[in-house]
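Q:
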């Protein structure tokens, strides 16, 4: 099926927390969703590096977009929400932008698993996240 | 040792991402750190519930404060940063405020593990997070 | 409802991997399942401490028993299987026996979350596991 | 540096729990460690599928071997042990053998992160594990 990027962006514009963090949906295919986030002073923690919650939120949006593609394009399914997530932080981010790319590891009628890799714009591998989702039945 | 809450708050005021999310450090003892976050339209996701990244950021700040107490009060240790975290979402948040409370599961010279439970202000158990930290050697 | 410990043990006797590891189901209530495992040379890793997989298997059985109580006592539900698990290792095990105790964090029609704490028989907190389960619809 | 597979196998022959599960170290390079495990009635759970703890133990051995390569070949480092692990189960295993392959996501002096993918011998992706390790200082 075709993927309407503007329709997806409009749907997720309602994700105020991600939008306030400056996170953008860059590209969407069946196989990969890419989101990115600028690194500004507003994204830092007390140690002066990018806050873990900011990196998690970026990865989580890629997971949310990818796992909800069937819903957004009108299939008869409910919303998919994260049930559990795990993240490992691999290196301190450098540069001006973080990029998250998702991969689908499995998808069934009710549960799904996605992996999201986060790199900085200098090519460093910053974090690896796995999201386990649950899809509600359609109303 | 005594715990100077204002000193701790001043240190973590530099965590801009948590501050922008409205997260406050409510109380600190050796055994438990409590942080809280208001639930406003700015904390919601596209499904109209509190964004998973917002809940994670709240829990992560409690973990960061608790794990860095030795540093903040002047012990000769480096900063403790999250190495890996896992979170399970248990229920959709209701009410106007989320409260995170941390417990130390283990602490060694280099590595530590904390658990953070997040409830809403109606008493519902919203999320359970475990954070694994690494403490750098003092400079 | 009443809990028939022998019926539960008979059901899980078919878990050959746990049985071969010497894991026993000690006690079962609605609120807590306790399983235990002896520490013998057969449970050690190359470093001479209890293998992480053995500790995980012990915790996982407590999770499996607790999450499948409705099925075992005859309710009209399918089997609950682990979807994702996370474990943190807190201390090297001492003594002759490890004890796992589970707590239910949430349970819905389809998904559930349990926490399992593992101690050794000297009271040391050895590992903390969280299991996220999925319950299939009844046939 | 060269990798002596027999030396590695001799070192990990002391991992009795993995050996008892029939786990073999198939191949080792700097970039990937492959371990495999037969699927026999001794590896099943009460539901008749491969026990989650067996899959975890297989993945954990690949992680242990990969993360301890420097130690086994004689570098001046201590043993690396798992600090925390997370695993997602993707599909029920089919066929007669499970194969685990590890990748290094990051490695520093003290902490490291590895990913292990588990497939069955029919090519199905069965489980995805991430292991976070801690390397003790050399004695």
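Chains as they are written, first to last, in my numbering: chain A, 1 to 139; chain B, 1001 to 1139; chain C, 2001 to 2139; chain D, 3001 to 3139. Backbone N, C-alpha and C define an ideal beta-carbon position, used for all residues, glycine too. Since this is a predicted model, take the numbers as computed values, not measurements.
Examine chain C for any beta-carbon lying closer than 7 Å to the beta-carbon of residue 55(A), and answer yes or no.
A: By 1-based counting over the first chain, the position of residue 55(A) is 55. So no, residue 55(A) is outside the interface.
Q: Which residues in the same chain as residue 3045(D) place their Cβ atom closer than 6 Å to its Cβ, once the five residues preceding and following it in sequence are excluded?
A: Taking the first residue of the fourth chain as 1, we reach residue 3045(D) at position 45. These residues qualify, in order along the chain: 3051.
Q: Can you tell me whether residue 3048(D) is buried or exposed? The criterion is at least 16 other CB atoms within 10 Å of its CB, across all chains shown.
A: Counting from one through the fourth chain, the residue named residue 3048(D) turns up at place 48. Counting Cβ neighbours within 10 Å, residue 3048(D) comes out exposed, since fewer than 16 surround it.
Q: Using a C-beta cutoff of 7 Å, does residue 2047(C) count as contacting chain D?
A: The residue given as residue 2047(C) occupies position 47 in the third chain. Closer than 7 Å to some Cβ of chain D, the Cβ of residue 2047(C) qualifies, so yes.
Q: Any Cβ of chain C within less than 7 Å of the Cβ of residue 1124(B)?
A: As a working note, residue 1124(B) is residue 124 in the second chain. No, no contact with chain C.
Q: What span of residues does the alpha helix (DSSP H) with residue 1030(B) cover, start to end?
A: Walking along the second chain from the start, residue 1030(B) turns up at place 30. Run containing residue 1030(B): none; DSSP gives neither H nor E here.
Q: Between 2026(C), 2043(C), 2015(C), 2099(C), which lies nearest to residue 3040(D) when the distance is taken from Cα to Cα?
A: Mapped onto the fourth chain, residue 3040(D) falls at position 40. The residue with the shortest Cα to Cα distance from residue 3040(D) is 2015(C).
Q: From residue 142(A) to residue 95(A), what distance separates their C-alpha atoms?
A: It is not possible to answer for residue 142(A), since the shown part of chain A is limited to 1 through 139.
Q: Mind listing the chain D neighbours of residue 2012(C)? Cutoff is C-beta to C-beta under 8 Å, in chain order.
A: Your numbering for residue 2012(C) matches position 12 in the third chain. Simply 3046.
Q: Provide the residue span of the beta strand (DSSP E) that contains residue 66(A), from first to last.
A: Indexing the first chain from 1 puts residue 66(A) at position 66. Unbroken run through residue 66(A) is the alpha helix (DSSP H), 52-67; no beta strand (DSSP E).
Q: For residue 1085(B), which beta-bridge partners are listed by DSSP?
A: Looking up residue 1085(B) in the second chain gives position 85. According to DSSP, which records beta bridges pairwise, residue 1085(B) is partnered with 87(A), 1131(B).
Q: Show which residues of chain C have a CB atom less than 7 Å away from the CB atom of residue 3119(D).
A: Locating residue 3119(D) in the fourth chain gives position 119, where the first residue counts as 1. What residue 3119(D) touches in chain C: nothing, since even the nearest Cβ is about 18 Å away.
Q: Going straight from the alpha carbon of residue 1060(B) to that of residue 53(A), what length do you get?
A: Residue mapping note: residue 1060(B) aligns to position 60 of the second chain, counting from 1. Residue mapping note: residue 53(A) aligns to position 53 of the first chain, counting from 1. Distance between the alpha carbons of residue 1060(B) and residue 53(A) is about 7 Å.
Q: Between which residues of its own chain and residue 11(A) is the CB-CB distance below 7 Å, once the five residues before and five after are set aside?
A: As a working note, residue 11(A) is residue 11 in the first chain. So the qualifying residues of the chain are 72.
Q: For residue 3122(D), count neighbouring Cβ atoms within 10 angstroms of its own Cβ and tell me buried if that reaches 16, exposed if not.
A: Position 122 of the fourth chain, counted from the start, is the residue given in the question as residue 3122(D). Exposed is the call here.
Q: In the DSSP assignment, find the unbroken beta strand (DSSP E) run with residue 2098(C) in it and report its ends.
A: In the third chain, the residue the question calls residue 2098(C) occupies position 98. Looking at the DSSP string, the run of the beta strand (DSSP E) that includes residue 2098(C) is 2097-2107.
Q: Starting from residue 3115(D) and walking both ways along the beta strand (DSSP E), at which residues does that stretch end?
A: One-based indexing of the fourth chain puts residue 3115(D) at position 115. 3111-3120 is the span of the beta strand (DSSP E), which, as asked, contains residue 3115(D).
Q: I'd like to know if the segment 3017-3025 of chain D and the segment 1122-1139 of chain B are in contact, where contact means that at least 3 CB-CB pairs between them fall below 8 Å.
A: No, because fewer than three Cβ pairs between the segment 3017-3025 of chain D and the segment 1122-1139 of chain B fall closer than 8 Å, the two stretches do not touch.
Q: Are any of the Cβ atoms in chain D nearer than 7 Å to that of residue 1132(B)?
A: Taking the second chain and counting its residues from 1, the one referred to as residue 1132(B) is at position 132. For residue 1132(B), the answer is yes, since a Cβ of chain D falls inside 7 Å of its Cβ.
Q: Just the chain C side, please: which residues come within less than 8 Å of residue 3029(D) by C-beta, in chain order?
A: Taking the first residue of the fourth chain as position 1, residue 3029(D) is located at position 29. Residues of chain C passing the Cβ test: none, with the nearest at roughly 20 Å.
Q: Quick check on the DSSP output: the alpha helix (DSSP H) that includes residue 2008(C) runs from which residue to which?
A: On the third chain, residue 2008(C) is found 8 positions in, with the first residue counted as 1. Run containing residue 2008(C): 2005-2012, per the alpha helix (DSSP H) assignment.
Q: Are any of the Cβ atoms in chain A nearer than 7 Å to that of residue 1085(B)?
A: Here the question's residue 1085(B) lines up with position 85 in the second chain. It does; some Cβ of chain A falls within 7 Å.
Q: So, is the C-beta of residue 140(A) closer than 7 Å to a C-beta in chain B?
A: Residue 140(A) cannot be examined here, being either before or after the span of chain A that is shown, 1 to 139.
Q: For residue 81(A), which residues in chain B fall below 9 Å Cβ to Cβ?
A: As a first step, residue 81(A) is located in the first chain; it is residue number 81 there, counting from the start. Those within 9 Å of residue 81(A) in chain B are 1045, 1047, 1049, 1052, 1089, 1092.
Q: Give a yes or no on contact between the segment 1081-1098 of chain B and the segment 85-92 of chain A, applying the rule of three or more CB pairs nearer than 8 Å.
A: Touching, yes.
Q: I'd like the list of long-range same chain contacts for residue 2113(C), defined as Cβ closer than 6 Å, with 5 residues on each side in sequence excluded.
A: Start at 1 with the first residue of the third chain, and residue 2113(C) comes out as number 113. 2105, 2106, 2132.
Q: 7 Å is my cut-off, CB to CB: does residue 2060(C) come that close to chain B?
A: Sequence index remark: in the third chain, residue 2060(C) carries index 60 (1-based). False, the Cβ-Cβ gap to chain B never drops below 7 Å.
Q: If you draw a straight line from the C-alpha of residue 2024(C) to the C-alpha of residue 1024(B), how long is it?
A: Within the third chain, the letter at position 24 stands for residue 2024(C). Within the second chain, the letter at position 24 stands for residue 1024(B). Using only the alpha carbons, I get a separation of about 45 Å.
Q: Taking 7 Å as the CB-CB cut-off, is residue 2020(C) touching chain D?
A: As a first step, residue 2020(C) must be located in the third chain, where it is residue number 20. Judged by the 7 Å Cβ criterion, residue 2020(C) is in contact with chain D.
Q: Could you please tell me which residues of the segment 99-118 of chain A, in chain order, have their CB closer than 8 Å to any CB of chain D?
A: Those would be 105, 106, 113, 115, in chain order.
Q: Between residue 1008(B) and the rest of its own chain, which residues show a CB-CB distance below 8 Å, the 5 nearest in sequence each way excluded?
A: Position 8 of the second chain holds residue 1008(B). Excluding sequence neighbours, residue 1008(B) sits near 1025, 1028, 1065, 1069, 1072.
Q: Taking just the CA atoms, how far does residue 2101(C) sit from residue 3005(D)?
A: Within the fourth chain, numbered from 1, the residue matching residue 3005(D) stands at position 5. Within the third chain, numbered from 1, the residue matching residue 2101(C) stands at position 101. Rounded to the nearest angstrom, the two C-alpha atoms are 40 Å apart.
Q: The alpha helix (DSSP H) that contains residue 3016(D), what's its start and end?
A: Here residue 3016(D) is taken as the residue at index 16 of the fourth chain, counted from 1. Its alpha helix (DSSP H) spans residues 3016-3020.
Q: How big is the Cα-Cα spacing for residue 2138(C) and residue 3067(D)?
A: Counting from one through the third chain, the residue named residue 2138(C) turns up at place 138. Counting from one through the fourth chain, the residue named residue 3067(D) turns up at place 67. Those two C-alpha atoms are separated by around 43 Å.
Q: Measure the CB-CB distance between residue 57(A) and residue 135(A) and report whether it falls below 7 Å.
A: As a first step, residue 57(A) must be located in the first chain, where it is residue number 57. As a first step, residue 135(A) must be located in the first chain, where it is residue number 135. Their beta carbons are not under 7 Å apart, which means residue 57(A) does not touch residue 135(A) by this criterion.
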